[in-house]
Amino acid sequence: MSGEHLNDGTVVEREAVRVKPPPLFHVVLLNDDYTPMEFVVGVLQRFFGKGREQATAIMLKVHHEGRGVCGVYPRDVAASKVEQVCDYAREHQHPLQCVMEEA
Ligand code: TYC
Numbered sequence: 041m042s043g044e045h046l047n048d049g050t051v052v053e054r055e056a057v058r059v060k061p062p063p064l065f066h067v068v069l070l071n072d073d074y075t076p077m078e079f080v081v082g083v084l085q086r087f088f089g090k091g092r093e094q095a096t097a098i099m100l101k102v103h104h105e106g107r108g109v110c111g112v113y114p115r116d117v118a119a120s121k122v123e124q125v126c127d128y129a130r131e132h133q134h135p136l137q138c139v140m141e142e143a
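To convert a position in the sequence shown, counted from 1, into the working numbering, add 40.
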């Protein structure tokens, strides 16, 4: 790496610093046999900012396919969503499961 010479004789090394963009995480809802569909639609609206139509479409995808992505976020935001959804489901005594996965 070529140095830049200052007039006091010191040499400043310039180094290319490459930082990876921070990883993103999918927040994923899992299907179960007991959580009411209407509750899941409410979760998608309340915690993921979905409109009623999109929330219903995601809920039905999870119901039919077993899982579905609710949103994509940096690690700390994804972890907070998972915790909020799990706490909310437990408060209402539903077994709804929510996990995060690196995108
Ligand atoms: N399978 C549930 C039912 O028939 C509905 C459901 C949808 C549950 C999505 C969880 O993440 C879920 N009541």
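Don't be surprised by glycine CBs; every beta carbon is placed ideally from N, CA and C.
Which one of the options has the shortest CA to CA distance from residue i?
{"i": "Val102", "options": "Lys60, Gln137, Val57 and Glu141", "result": "Gln137"}
{"i": "Arg130", "options": "Arg58, Val83 and Pro61", "result": "Val83"}
{"i": "Asn104", "options": "Asp72, Pro62 and Lys60", "result": "Looking at the sequence provided, one finds His at residue 104 rather than Asn. Selected option, being the one with the closest Cα: Asp72."}
{"i": "Val117", "options": "Met77, Gly108, Arg58 and Glu142", "result": "Glu142"}
{"i": "Arg115", "options": "Gly108, His132, Ala56 and Pro62", "result": "Pro62"}
For residue i, write down the residues that DSSP places opposite it in a beta bridge.
{"i": "Tyr3", "result": "Because the chain is modelled from 41 through 143, residue 3 falls outside the range shown and cannot be assessed."}
{"i": "Leu70", "result": "Arg107 and Gln137"}
{"i": "Glu142", "result": "Phe65"}
Report yes if the C-beta distance between residue i and residue j is below 8 Å; otherwise report no.
{"i": "Leu64", "j": "Tyr113", "result": "yes"}
{"i": "Phe79", "j": "Val125", "result": "no"}
{"i": "Val122", "j": "Val81", "result": "no"}
{"i": "Thr96", "j": "His134", "result": "no"}
{"i": "Ala119", "j": "Met140", "result": "yes"}
Could one say the Cβ of residue i lies closer than 8 Å to chain C's Cβ atoms, at least one of them?
{"i": "Met77", "result": "No chain C is part of this structure, which consists of one protein chain only."}
Just to confirm, does residue i get its C-beta within under 7 Å of one of the non-hydrogen atoms of the ligand MN?
{"i": "Leu136", "result": "Although the ligand MN was asked about, the structure shown includes only the ligand TYC as ligands."}
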